[in-house]
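>
2 protein chains.
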Amino acid sequence: MADRVAALDDPQLRVFAPLIYVAWSDFDLDAEERERVLAAMAAQPWLRPAARQVIEAWIDPARPPGAGELARLRTLIDHVATTSSDRAKASFARVARGIAADGDARVAADALAQDLGMFAGSEITAPVARAIPRTALSGWLDGDHAEVRARARAWLATAHVAYGLPVEDHRTIVRGWLFDLAATGLGRLAFPGVTSTDDLAAFSAMFEELGHGDLSLLVKVGVQWGLYGGAIWALGTARHHERLAKIAACEELGCFAMSEVGHGSNVAAIETIARFDPATRELELHTPGESARKEWIGGAAHDARWAVVFAQLEVGDARHGVHAILVPIRTPDGAALAGVRTGDSGHKMGLNGVDNGRLWFEHVRVPVANLLDRFASIGDDGTYSSPIASPDRRFFTMLGTLIGGRVSVGAAAVSAARAALAIAVRYAEARHQFGGEGERKLIDYPTHQRRLLPHLAETIVLRVAFGELRRRHAQTFATPGADTRELEAEAAALKALASTRAIEAVQAAREACGGQGYLSVNRIPQLRTDVEIFTTFEGDNIVLAQLAGKAMLGAYRKQLATGGNRAVLRAAAKRVASVLGVRRAGTEPTRDRGFQLAALRFREDHLVETCAARIKKRLDDGLDGEAAILEVQEHVVAISEAFAERSTAEWFAARESAGGEASRELIARLGDLALLSRLERHAAWFLETGYFDVARSRQIRREVEKLLRELAPHARDVVDAFGIPDACLAAPIAFFDPAHPVYP
Amino acid sequence: MADRVAALDDPQLRVFAPLIYVAWSDFDLDAEERERVLAAMAAQPWLRPAARQVIEAWIDPARPPGAGELARLRTLIDHVATTSSDRAKASFARVARGIAADGDARVAADALAQDLGMFAGSEITAPVARAIPRTALSGWLDGDHAEVRARARAWLATAHVAYGLPVEDHRTIVRGWLFDLAATGLGRLAFPGVTSTDDLAAFSAMFEELGHGDLSLLVKVGVQWGLYGGAIWALGTARHHERLAKIAACEELGCFAMSEVGHGSNVAAIETIARFDPATRELELHTPGESARKEWIGGAAHDARWAVVFAQLEVGDARHGVHAILVPIRTPDGAALAGVRTGDSGHKMGLNGVDNGRLWFEHVRVPVANLLDRFASIGDDGTYSSPIASPDRRFFTMLGTLIGGRVSVGAAAVSAARAALAIAVRYAEARHQFGGEGERKLIDYPTHQRRLLPHLAETIVLRVAFGELRRRHAQTFATPGADTRELEAEAAALKALASTRAIEAVQAAREACGGQGYLSVNRIPQLRTDVEIFTTFEGDNIVLAQLAGKAMLGAYRKQLATGGNRAVLRAAAKRVASVLGVRRAGTEPTRDRGFQLAALRFREDHLVETCAARIKKRLDDGLDGEAAILEVQEHVVAISEAFAERSTAEWFAARESAGGEASRELIARLGDLALLSRLERHAAWFLETGYFDVARSRQIRREVEKLLRELAPHARDVVDAFGIPDACLAAPIAFFDPAHPVYP
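Going down the list, the sequences are from chains A and B.
So the mapping is simple: the numbering used here equals the position in the first sequence, first residue as 1, plus 28.
So the mapping is simple: the numbering used here equals the position in the second sequence, first residue as 1, plus 28.
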């Protein structure tokens, strides 16, 4: 930092100029003054790290400013004082005086302020550290795992989000955070029964909280503990589990080498080979061609020393399908091991703090003990065996380890949306648009409410739903031999819905903040570009929706097959009843949860039934199953969405009464807004099927508009209840104070 | 570039390794070999600039590789050859042989290839430079200004898009492009009657083409010629026009200092003051407070030497409202002039090649001659006069200069969408998904078609519509004293619609390309983050939509007022006829353009009429106009969209038959898809109003699906017809060749 004065001439920093001047005015900075400056800085959560460094450089006791530097500092202060508005001057003086505390320094601060005409007509109040109000709503939102969440938040409060950094710097910061976080012990939650006595849901709740912070860190955490450690935990056995404590502590960094560039979403088709050599009892890993290159692997570009590599296992003449093998890829100091080639996936739209990379293996040999052998092993006699006879089921059981990733990633995407909405709501609540009377706040505009509030309500329903999904997931995984297929479909459908809605919400926040939402300092750009890929990674949303949709169709077919004609009739009767339900619904209040849930249930059932009928017709016409499903692909995808919308609504409804007296009404209105917005989104479909008549459709639109007006005054309370640490909001606009406007 | 061998180990570059090896194999590189390498490099449009630099470093005659470096190069080649698939090897060898041409070098190349086993089973064909097919569709799309467009494209073909650069580097490159482009003389088009004999539409068409390239350059062009030069041209007089030639040549760089941080969209409320001093006949510019800081000003952070500053003009005791004044802000070598303070707006989500900045003025004085005085002047006696008596009309006349910006920015946003769609369609057409038969292309999937094709069709309708709007704009501006209000409303509504749809389209392209669409090398991330702010700058879309909606309401009121009861009756009759039209429409084919246009017209008329009625009710209840309009704000905004959708559809319909025999059918189907997709988007509304019955609504959905299947095979032809230079597509995935897959 060559020129400290020039560096201070930054909108975020100018406010500190007088206090630095005062602190150094006797050409000596004592420890107490230094502490006061640091405290003042800590009270400004929007300061970016680079700006903090500027201040730190100024208060370095080893670098007292020379007379020339002090004179230039004084010129800067004069300049700011003369060109600033009275309000800005007041805030300027307030900070200076707050730091000066008392004694000589305060006298100096007052004298300086007086000199500059900075106190004129403005009161001086001490800066108040913002205490996040923990309301009944907060408690309800946190649900189980409040303690784990609190620990995650406390850590997040120390990690100031960075932006606009060169890739290397961003990666370095994120790596540092990962080690910091590991030092808190939170990583141990990832491995129930080995390093933790909690179930998996605690780790997932912690992960959800991290979604409020820098998403590059979130992904690094997901890779290290969720995927790398998670695969060892779920697919390995005791001899592998020994390393989990080191993995939790980040003493061993690994990556999860599944995807290949030629086979994005089709894991069964991966080409990397792991060939068993009976002579040495080794597995030889090999990348047979460029399309088999491991791609997008988080950690592979730089940090990972180990990899769980997914490869086609060959024993003798037989191919046994995809298996996971633990492979060292780098020396402790980061050099690639012999036969391993690594590469960098390159610059990305976002998440540049994650070192996504590529891996190629050239006849790399590891002991057979490195095969993660919970579901398959190679005996001393060199024969392959597995407790799961069917290769298909074995494959899906192994892939079942991915479910946790989907649960966690879906929930964390919604956290990112909450962070963006919190920034936008706080700004909308504080900033006045200079309209007719010059008094109206942004949040008072109907279009602004329409932009933000349905998304806000949706994030709450989704948060509650992921709480339930997390519980189911932990329970299933704690049950040996449990069938994971239903859970897999639920996780797929919810991840697809949540990540799609999360992007819409962050996008809405960006637009609601106008040009300010485009400035990186206001954090929304980073959230937006980071969250973008959540629709693609951990399973592309379209692929996941097809998976879920097909599962729903399968369950329906099974239900018909086992139930015979009676089941068919019951299904038909159910539909008729639903339709009749509407006719009655003309008199049912739109805000009735029963009405909303019935409509969402009708949509799901109707889509499943009509889709099954369309597929059957095509099969009857001689198409094969694959082709028949392809022709109705959009319909299958819609089933997944309808399923996720119905089930999350039901899970929300089951928990809403737990909110307690104080917040029950608010929670109910948020639920109404979220669920009616879902119905409004599908209004054309409901009208076409006859489930809504025109009056009902209009009524829903009007009700949404009414709810927007009712909820707008509570929006700030709701985002405060999220309890997101200031360091995560980290945007000047989130701390905009109309009485003392500081423009970022 | 310390280690040239390591630098070559990059997926984009490995293919060049053998030819570099061959070229240097006799430890001497002659000029001809060098040329061949350069030519091979030029034939790979997807190479990023940094990669080009690596190659250039290798063929620098002053830096022959040592024996050690050559040996390592050979190791790299061996490695690539052994780990690549046969297909990749073939493409590798093909390039090597193509460059070696003949003689000794070819012998060496063949020997090397043979050594590496690279020719096995693959034919060698010379690389063919891709000639963009200029079809009838291209001609129809280009319309007028084909020659100007061709010039812009030829220039664009030389400007390789950059990504992931540090801000300073990106700005430097963009600045270089701006000077390059100025050297072609295209900037002269901006000032009809002064530096050009064309009308304004030619400049706007040129600008539209630039929208296919780096959008930071587009914005710099918009600032320099459209806003800075444009303001001088439109608001100044002969004495100011003298500098336009220098501005066109970029010998004088300027900025357009209108926005203030406290008053984003409310120009009338800006606070900067320009006070006339009769003693010296100077204007004194002053920034009275921080909220008056000029913000977001493109060019203000670094490049601009001059600014057109918008300020409240004070003459004596009178305030005459916002006026534009030419103010020097920096010395030729870039130092801020006395009293001018400049700042940087900071890192942004995108467009970081644009040096957006801040300006503060501290009693800065300029001669009164610097007032842009076409619409207002200060006489020798110090009195203010204007040819436009009404201050309001004067203000709106001056702001009329912004219309051109909106026309151009709206059209260019659609260009960015076309570039992104071209990349996504080319990839979808070439890339096979490894599904059931392992043969299906991405474009064959219904969900993929649904993602991309409606957007593709929409960009075509919008392109044609902007051609018409551009024509109207040029005509209006060539007519002295023409009323610009209607044009202003049209431009506002179209800019809002186009920029919103453009973002949706780029977003769809991102999603359709999955993880590849998230890699910066594939260009879509930059297009996405750059285009994001097009909804906010040159007028926030919500504000513009309100402006347009209010204008439509005003026109309706006027029509009723002047027409009396008969007009009211006629309006009612029209609506009844529209509704009756639907009942008849049951038998009308959905692909009938008349049906589609009538529906869009009904939507616009109905929204205007019902909105007017809702406002009247509120006025009758005693609300003031502002409050009444605020309560129905969403309705007003919807009017703007409906107006834009109807008018662009009509303008498209008027021009579609000009497509010529060869492409008429394709154009008609694209029009169907675009217009029916609009109707599908509003299906709930049409059902609620009774304009559609359920059968019609379903029919439209089915028709859209049919059109998707029909148009999918033509998607590649359509994007090729855009004639976007390869250098703009610049994405490896856009040049993906399934026969020779090179993964980025």
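Cβ coordinates follow ideal geometry from the N, Cα and C atoms, glycine included.
Pick out whichever of B:Asp-305, B:Ala-363, B:Ala-759, B:Ala-335 has its Cα sitting closest to the Cα of Ala-346 (chain B).
Along the second sequence, one-based indexing puts residue 346 (chain B) at 318. Of B:Asp-305, B:Ala-363, B:Ala-759, B:Ala-335, the residue nearest in Cα terms is B:Asp-305.
> Taking 9 Å as the cut-off, decide whether the C-beta atoms of Leu-238 (chain B) and Ala-440 (chain B) are in contact.
As a first step, residue 238 (chain B) is located in the second sequence; it is residue number 210 there, counting from the start. As a first step, residue 440 (chain B) is located in the second sequence; it is residue number 412 there, counting from the start. In this structure, Ala-440 (chain B) lies closer than 9 Å to Leu-238 (chain B) by Cβ.
> Helix, strand or coil for Thr-475 (chain B) per DSSP?
Taking the first residue of the second sequence as position 1, residue 475 (chain B) is located at position 447. Reduced to three states, the DSSP call for Thr-475 (chain B) is helix.
> Helix, strand or coil: which one does DSSP assign to Cys-278 (chain B)?
As a working mapping, residue 278 (chain B) is identified with position 250 in the second sequence. Three-state DSSP puts Cys-278 (chain B) in coil, outside helix and strand.
> Ordered along the chain, which non-local residues of its own chain (more than five positions away) have a Cβ less than 8 Å from that of Arg-692 (chain B)?
Walking along the second sequence from the start, residue 692 (chain B) turns up at place 664. The answer, listed in chain order, is Glu-684, Ser-685.
> Could you please give me the residues that DSSP links to Leu-399 (chain A) through a beta bridge?
Looking up residue 399 (chain A) in the first sequence gives position 371. Bridge partners of Leu-399 (chain A): A:Ile-353.
> Pick out the complete beta strand (DSSP E) segments inside the region 239-289 of chain A, 3 residues or longer, and give them in chain order.
282-285
> Output, in chain order, the set of chain B residues within a Cβ distance shorter than 8 Å of Asp-305 (chain A).
The residue given as residue 305 (chain A) occupies position 277 in the first sequence. Within chain B, no residue has its beta carbon less than 8 Å from that of Asp-305 (chain A); the closest one is some 19 Å off.
> Assuming Ala-328 (chain B) and Ala-285 (chain B) make a contact with CB atoms under 8 Å, what is their CB distance in whole Å?
Here the question's residue 328 (chain B) lines up with position 300 in the second sequence. Here the question's residue 285 (chain B) lines up with position 257 in the second sequence. Yes, Ala-328 (chain B) and Ala-285 (chain B) are in contact; Cβ-Cβ is about 7 Å, under 8 Å.
> Would the beta-carbon of Ala-759 (chain B) fall within 9 Å of that of Ser-668 (chain B)?
Mapped onto the second sequence, residue 759 (chain B) falls at position 731. Mapped onto the second sequence, residue 668 (chain B) falls at position 640. No, Cβ-Cβ distance for Ala-759 (chain B) and Ser-668 (chain B) is not below 9 Å.
> Just the C-alpha distance for Phe-763 (chain B) and Pro-360 (chain B), rounded to the nearest angstrom, thanks.
Stepping through the second sequence from its first residue, residue 763 (chain B) is reached at position 735. Stepping through the second sequence from its first residue, residue 360 (chain B) is reached at position 332. Roughly 44 Å separates the two Cα atoms.
> Can you tell me which of B:Arg-697, B:Arg-479, B:Ala-180, B:Glu-457 puts its alpha carbon nearest to the alpha carbon of Lys-469 (chain B)?
One-based indexing of the second sequence puts residue 469 (chain B) at position 441. Looking at the Cα atoms, B:Glu-457 is the closest of the given residues.
> Got a sec? Which residues, its chain only, sit under 7 Å from Asp-227 (chain B) by beta carbon, not counting five neighbours each side?
Numbered from 1 along the second sequence, position 199 holds the residue referred to as residue 227 (chain B). Correct list, in chain order: Pro-220, Ala-502, Ala-506.
> For Leu-272 (chain B), collect the residues of the same chain with a Cβ closer than 7 Å to its Cβ; drop the 5 residues on either side in sequence, then sort them by chain order.
If you number the second sequence from 1, residue 272 (chain B) lands on position 244. Within the same chain, Leu-272 (chain B) has close Cβ partners Phe-219, Val-222, Thr-223, Gly-257, Ile-260, Trp-261.
> Please list the partners that Tyr-191 (chain B) has in chain A, where partner means a Cβ-to-Cβ separation under 7 Å.
Within the second sequence, numbered from 1, the residue matching residue 191 (chain B) stands at position 163. The answer, in chain order, is His-375.
> Just to check my reading of the structure: Ala-352 (chain A) and Leu-400 (chain A) have Cβ atoms closer than 8 Å, yes? What is that Cβ distance to the nearest angstrom?
Sequence index remark: in the first sequence, residue 352 (chain A) carries index 324 (1-based). Sequence index remark: in the first sequence, residue 400 (chain A) carries index 372 (1-based). Right, the Cβ-Cβ distance comes to about 4 Å (below 8 Å), so this counts as a contact.
> Say whether chain B places a C-beta atom closer than 9 Å to the C-beta of Tyr-455 (chain A).
Position 427 of the first sequence, counted from the first residue, corresponds to residue 455 (chain A). So, not an interface residue.
> For Gln-340 (chain B), report the span of its beta strand (DSSP E) as first-last.
Counted from its first residue, the second sequence places residue 340 (chain B) at position 312. Segment 334-343, the beta strand (DSSP E) holding Gln-340 (chain B).
> Which runs of the alpha helix (DSSP H) spanning at least 4 residues fall entirely within the region 201-241 of chain A, listed in chain order?
228-238
> Rounded to the nearest angstrom, what separates Asp-383 (chain A) and Asp-372 (chain A) at their Cα positions?
Position 355 of the first sequence, counted from the start, is the residue given in the question as residue 383 (chain A). Position 344 of the first sequence, counted from the start, is the residue given in the question as residue 372 (chain A). Our two residues, Asp-383 (chain A) and Asp-372 (chain A), have alpha carbons roughly 7 Å apart in a direct line.
> Between which residues of its own chain and Arg-199 (chain B) is the CB-CB distance below 6 Å, once the five residues before and five after are set aside?
Counting from 1 along the second sequence, the entry for residue 199 (chain B) is found at position 171. Gly-381, Asp-383, listed in sequence order.
> Under 7 Å, CB to CB, which of the residues in the region 384-402 of chain A have a partner in chain B?
Trp-388, Glu-390
> From the DSSP output, in three-state form, read off Asp-305 (chain B) for me.
Along the second sequence, one-based indexing puts residue 305 (chain B) at 277. If DSSP states are grouped into helix, strand and coil, Asp-305 (chain B) belongs with the strands.
> Taking Cβ positions only, does Gln-661 (chain B) come closer than 9 Å to chain A?
By one-based count along the second sequence, residue 661 (chain B) stands at place 633. Judged by the 9 Å Cβ criterion, Gln-661 (chain B) is in contact with chain A.
> Would you mind sorting Gly-464 (chain B) into buried or exposed? The rule is 16 or more other CB atoms within 10 Å of its CB.
Taking the first residue of the second sequence as 1, we reach residue 464 (chain B) at position 436. For Gly-464 (chain B), the predicted model reports a pLDDT of 43, less than 50, meaning its position is unreliable; a value from the coordinates is still stated below. With fewer than 16 other Cβ atoms inside 10 Å of its own Cβ, Gly-464 (chain B) counts as exposed.
> If we count Cβ pairs, one from each stretch, closer than 8 Å, do we get three or more for the region 429-438 of chain A versus the region 561-569 of chain A?
yes
> Output needed for Val-195 (chain B): all residues of its chain with C-beta closer than 6 Å, excluding positions within five of it in sequence on either side, in chain order.
Along the second sequence, read from residue 1 onward, the residue named residue 195 (chain B) stands at position 167. Excluding five sequence positions before and after Val-195 (chain B), the CB atoms of its chain that fall closer than 6 Å to its own CB belong to Asn-380, given in chain order.
> When the Cα atoms are used, what is the spatial distance from Ala-656 (chain A) to Arg-646 (chain A)?
Translated into positions along the first sequence, residue 656 (chain A) becomes position 628. Translated into positions along the first sequence, residue 646 (chain A) becomes position 618. Approximately 6 Å between the Cα atoms of the pair.
> Please return the same chain residues whose Cβ sits closer than 7 Å to the Cβ of Glu-496 (chain A), not counting the five positions on each side in sequence.
Here residue 496 (chain A) refers to the residue found at position 468 of the first sequence. Once the five neighbours on either side are set aside, the close Cβ partners of Glu-496 (chain A) are Trp-679.
> Near Ala-530 (chain A), which residues of its chain fall below 7 Å by C-beta distance, leaving aside the five closest residues on each side in sequence?
Against the first sequence, residue 530 (chain A) aligns to sequence position 502. Once the five neighbours on either side are set aside, the close Cβ partners of Ala-530 (chain A) are Ala-441, Val-442, Ala-444, Ala-445, Val-559, Phe-562.
> By a C-beta neighbour count over all protein chains shown, 10 Å radius and 16 as the cutoff for buried, is Val-722 (chain A) buried or exposed?
Position 694 of the first sequence, counted from the start, is the residue given in the question as residue 722 (chain A). Around the CB of Val-722 (chain A), fewer than 16 other CB atoms lie within 10 Å, so the residue is classed as exposed.
> Where does Arg-386 (chain B) fall in DSSP's three states?
By 1-based counting over the second sequence, the position of residue 386 (chain B) is 358. Correct three-state label for Arg-386 (chain B): strand.
> Report all residues from its chain with a CB closer than 6 Å to the CB of Ala-164 (chain B); omit the five preceding and five following residues, and keep chain order.
As a first step, residue 164 (chain B) must be located in the second sequence, where it is residue number 136. Only Gly-688, Ala-690, Ser-691 meet the Cβ criterion.
> Does the distance from the CB of Trp-183 (chain A) to the CB of Leu-206 (chain A) come in under 9 Å?
The residue you call residue 183 (chain A) lines up with position 155 of the first sequence. The residue you call residue 206 (chain A) lines up with position 178 of the first sequence. Not a contact, by the Cβ cut-off of 9 Å.
> Count the other C-beta atoms from every protein chain shown that fall within 10 angstroms of the C-beta of His-391 (chain A), then say buried if there are 16 or more, exposed otherwise.
Position 363 of the first sequence, counting from 1, holds the residue named residue 391 (chain A). So His-391 (chain A) ends up on the exposed side.
> Is Arg-744 (chain A) near the ligand SAH, judged by its Cβ being under 8 Å from some heavy atom?
This structure simply doesn't include the ligand SAH, nor any ligand for that matter.
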